[in-house]
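A.B. asks: My questions will all concern the structure given below.
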Amino acid sequence: MEKEPQQIQLNVDPNAYYISMVNMRFDEEGFHFLIASANQGRQFTASPKHAKRIYLLLKQQIDQYEKQFGEIKTALPQRPQNTQEDTKVGF
């Protein structure tokens, strides 16, 4: 017997927000994101498996973008020498 697909009710914010900053850290339980748009921020947590899926989907989309529009030249910014949280990465 096949399972019927589940319908999930999702309320989608009709506004699109430009991401101006992302900070990320992880622990054994998950990956924790702080995503900011202008002066508003939201925190999200993803399981390690979901974080890997986000990475794979983003990589796939970036590969397709670069195939169509050319290479995106960028790098992670340098961390300040006196940072207290070594596992935090962001832009």
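Numbering (this note's numbering) for the sequence shown: -11 to 79. Don't be surprised by glycine CBs; every beta carbon is placed ideally from N, CA and C. Quantities reported herein were computed from a predicted structural model and do not represent experimental measurements.
Can you look up R67 in the DSSP assignment and give me helix, strand or coil?
C.D. replies: coil
A.B. asks: Just to confirm, are F19 and A4 a CB contact at a threshold of 8 Å?
C.D. replies: Cβ distance not < 8 Å, so F19 and A4 don't count as in contact.
A.B. asks: Figure out for me which residue from Y53, A63, G29 has the closest Cα to the Cα of I7.
C.D. replies: For I7, the nearest C-alpha among the options comes from G29.
A.B. asks: Cα separation between I23 and Y53?
C.D. replies: 22 Å
A.B. asks: If we ignore side chains and look at the alpha-carbon of each, how far apart do H38 and A63 end up?
C.D. replies: 24 Å
A.B. asks: Would you give the residue range spanned by the beta strand (DSSP E) that L(-2) belongs to?
C.D. replies: From DSSP, L(-2) is part of no beta strand (DSSP E); its letter is neither H nor E.
A.B. asks: Using the three-state DSSP reduction, which class does I7 fall into: helix, strand or coil?
C.D. replies: coil
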